[in-house]
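Note sheet for the following structure.
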Amino acid sequence: MCILARPGSVLGPLLGDVFCQCRAAESHPGGSRGPARSPPHPCELCGGSEQEHRLKVLFQVLDVNGDGGICVNDLTIGLKKLGVHRTEHELRKIVKAGDKDQDGQLDFEEFVHYLRDHEKKLRLVFKSLDKKNDGWIDSQEIMQSLRDLGVNISEEQAEKILKSMDKNGTMTIDWNEWRDYHLLHPAGNIPEIILYWKHSTIFDVGESLMVPDEFTAEERNTGMLWRHLVAGGGAGAVSRTCTAPLDRLKVLMQVHASKSNSMRIAGGFGQMIREGGVRSLWRGNGINVIKIAPESAIKFMAYEQIKRFIGSNQETLGIAERFVAGSLAGAIAQSSIYPMEVLKTRLALRRTGQYSGIVDCAKRILRKEGVATFYKGYVPNMLGIIPYAGIDLAVYETLKNSWLQRFATDSADPGVFVLLACGTTSSTCGQLASYPLALIRTRMQAQATLEGGPQMSMTGLFRHIVRTEGPAGLYRGLAPNFMKVIPSVSISYVVYEYLKIALGVQSK
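With UniProt numbering, letter number 78 in the sequence shown gets 78, and the count goes up by one each step, no holes.
Right, dumping it as structure tokens:
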């Protein structure tokens, strides 16, 4: 945690009465720790002129050049006068977060809106850390909260955190001290907020385009990182195996279904069983499971390197940075294992007895069609990463923040079911947006298996599908694809939680 208000700074007195005092009193009702405080007089300031006056005083102090707007330079000088020292990167994040009209500075209305919105987030985090619900945070509560997140600190370290915020020497933090310490710090850099949302959305829907999870330095050093990745990989393997019949049906419908050859879900399953028996429902699943490990490892390592390259030394990234880093990491990982994607499609489409296994399939493709075949459909696959990652992130953040604004009252932790619902919805939206590109990729991967079929380019195949089947042809196989989302999420989450326990990873 970074020190925002140094002992003796004037920021505390200025902020102490910025917000309605009746709200501050709610945060420590009847608390027994620390000096007793007499309740303030009945509030007559809510939305009143005196409260607005206090906000204007703070605004005027920070508006160094008096032009009616607070820019990064104003914040730098103004906060130093108040005894607060922030980096330029952090100050830019404050301005960016509150700058609704994007003119590079905060006017008074934007400044007030930012402070009130940020205060609400801080209040939720405070209540989450206040395990005893008595309006105070002590060293044991800090240790327990971080321990729940897989980060172990000593009591001495917890006391250092407390001392940095404690104004009256009680070694406990009340709401006012917590707020004064964090209020002029960008929300995206508060570890308590971000960590409450981490490692709760690990699920596998059979697609490989999601942005990687983030891990703290503590988790990397203690080996928790690899335990999380192993647990996630194991959960993905079980989830993909359980939903493999639906995945194979999706591939068959993407390649073989058309206006003249309408393939329904029940008919598709019946056709697969008649042709190869019940075991044929799992064709292509072996390679789909095998590629989880290298893809996850490559994606995570690439993600970490890209974070360093774009100059981010923060534990967590903003949405735009995550989109860029996640998309590039996904592209690198997909490029590395793409031949396995082609093998998965060919094995899923194979007839009984066509190949004896994964190695035999790879040898025959190499001998008959050449190395280039292992990268058929590569371009639409790479293009699909952008809408998938972008929409997945945007929808997830929007839904999560919307829940936080409307329903969060006692905790900054939305709960696992809310996070899973947000993740499932965002992943579904991402898949819907990128599905036409996924279908074209699959058809290009399968072209050589269609005897007498035309060998088309990406744009040629797109035009051919629209011309012969209409726009609906770009969404063949969408039904089984969506049918597997909920069971995939449910299975992977349950298995992930059990594996975390088995591997000694503490859960929230």
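Backbone N, C-alpha and C fix where the C-beta goes; we use that ideal spot for every residue, glycine too.
Please read these numbers as outputs of a predicted model, since none were measured by experiment.
Boundaries of the alpha helix (DSSP H) harbouring A266: 265–276, taken from the DSSP string. The Cβ-Cβ distance between I298 and S258 does not fall below 9 Å. In the three-state DSSP reduction, L82 falls in the coil class, being neither helix nor strand. Excluding residues up to 5 positions away in sequence, C361 lie with their Cβ nearer than 6 Å to the Cβ of Y355 in the same chain.
For I173, the three-state secondary structure derived from DSSP is strand. In the DSSP assignment, S356 falls outside any alpha helix (DSSP H) and carries neither an H nor an E.
Around the C-beta of H53, fewer than 16 other C-beta atoms lie within 10 Å, and the residue is accordingly described as exposed. Where T459 is concerned, the enclosing alpha helix (DSSP H) starts and stops at 458–469. A231 and A302 have their C-alpha atoms roughly 20 Å apart. Remark: C-beta atoms of P387 and L437 approach each other more closely than 9 Å.
For A257, no alpha helix (DSSP H) run applies, since DSSP gives it neither H nor E. Residue state for L252 is assigned as helix, using DSSP reduced to three classes. Each residue's CA atom was taken as its position, placing K93 and R351 some 56 Å apart. Leaving aside the five residues that flank V255 on each side, the residues in its chain whose CB is nearer than 7 Å to its CB run, in chain order, L349, T442, R443, A446. Between I290 and the set G236, F309, E90, the nearest pair of CA atoms involves G236.
Pairing L383 with T373 gives a Cβ-Cβ distance that is not under 9 Å.
Taking C-beta separations shorter than 8 Å and ignoring five residues to either side along the sequence, the partners of E141 in its chain run L129, D130, K131, K132, following chain order. Contact between I137 and T172 holds: CB atoms are separated by about 7 Å, below the 8 Å threshold. When DSSP states are grouped into helix, strand and coil, I306 belongs to the helix group. The three-state secondary structure of L106, taken from DSSP, is strand. The Cβ atoms of I385 and M340 lie no closer than 9 Å to each other.
A distance below 9 Å separates the beta carbons of E177 and K167.
Minimum Cα-Cα distance from A244 among the listed residues L347, R123, E304 corresponds to L347. Counted as a single uninterrupted DSSP element, the alpha helix (DSSP H) harbouring T398 occupies residues 378–407. The secondary-structure analysis by DSSP pairs I332 with nothing; it has no beta-bridge partner. Ranked by how close their Cα comes to the Cα of A320, the residues R248, T241, E397 have E397 in first place. Bounds of the alpha helix (DSSP H) holding R92 are 88–98. One thing to note: F111 has its Cβ no nearer than 9 Å to the Cβ of L79.
Between R264 and the set L252, L343, W175, the nearest pair of CA atoms involves L252. Counting only residues of its own chain and dropping the five nearest sequence neighbours on each side, G330 has a CB closer than 7 Å to the CB of L209, K299, I385, A389. Less than 9 Å separates the beta-carbon of S139 from that of E155. F126 sits buried, since 16 or more C-beta atoms from the chains shown fall within 10 Å of its C-beta. I137 is bridged by DSSP to I173. When rounded, the separation of the alpha-carbon atoms in Q271 and S280 is 10 Å.
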